[in-house]
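**Student:**
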Amino acid sequence: MAEQAERYVTDEATSKRMSAIRPLETTPEVAVRRFLTALKYRYRLNRYDLPGRPDIVFPGRRKVLFVHGCYWHRHAGCFRTTTPIRNVEMWRKKFQTTVERDLRNVRLLTEQGWQSFVIWECQIRTLEALRHQLEAFLNGEDGHDADTQ
Ligand SMILES: [Zn+2]
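Take 19 as the starting number for the sequence shown in the working numbering and just add one per residue.
(1) Any heavy atom of ligand 1 inside 7 angstroms of the beta-carbon of Glu139?
(2) How big is the Cα-Cα spacing for Tyr89 and Leu57?
(3) Buried or exposed: where does Pro77 fall if 16 or more other Cβ atoms within 10 Å of its Cβ makes it buried?
(4) What three-state label does DSSP hand Pro46 in the structure shown?
(5) Between which two residues does the alpha helix (DSSP H) carrying Lys112 extend?
(6) When you compare only the Cα positions, how much space is there between Phe84 and Gly158?
(7) With a cut-off of 8 angstroms, do at least 3 Cβ pairs link the segment 95 to 115 to the segment 132 to 143?
(8) Mapping the DSSP letters down to three states, classify Ile103 as helix, strand or coil.
(9) Going along the chain, which residues of its own chain have a beta-carbon closer than 8 angstroms to the beta-carbon of His86, five neighbours each way excluded?
(10) Do you know offhand how far Leu42's Cα is from Ala23's?
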């Protein structure tokens with residue numbers, strides 16, 4: 019993630035993005051939930067007792083899904099993963115903190131016997147393309163890592 023070329027955006031783009039942030043139940047999460055329901059998977063929502071409070075939890079399978087915004091969670095190589103042109107160092111630190119926290123949460127979950135899968139915001143519109151990977155993760159004995167690259 020650190021090695022990707024940074025894309026810089028103006029203040030205007032930044033404030034536009036900030037105002038677009040919604041609390042808790044975001045549209046991408048709802049889209050993923052509908053998709054899972056259509057595939058007949060049963061799940062629970064935000065389990066507050068699990069590291070990182072995963073968005074969607076499959077208790078019986080001991081698997082969790084995170085629905086991550088590409089910008090804040092720094093989806094590597096994604097067109098949405100821009101960096102504001104002002105206060106670059108401040109933003110870098112902020113982003114770094116988020117990325118490290120995400121990694122730590124996945125590690126903690128793994129230690130507690132939970133497998134994690136990340137769905138990125140930019141993948142929401144083409145969820146069908148993720149179906150194979152998602153089903154392999156949910157049905158497989160040894161799901162893969164949190165990253166979906
Ligand atoms: Zn993305």
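All residues carry an ideal CB built from backbone N, CA and C; glycine is no exception.
**Tutor:** According to the structure shown:
(1) yes
(2) 28 angstroms
(3) exposed
(4) helix
(5) 106 to 129
(6) 18 angstroms
(7) yes
(8) coil
(9) His93, Asp120, Val136, Ile137, Trp138, Glu139
(10) Model confidence at Leu42 stands at a pLDDT of 49, short of 50, so the residue's coordinates are unreliable; what they give is reported in the following sentence. Taking the straight line joining both Cα atoms gives about 30 angstroms.
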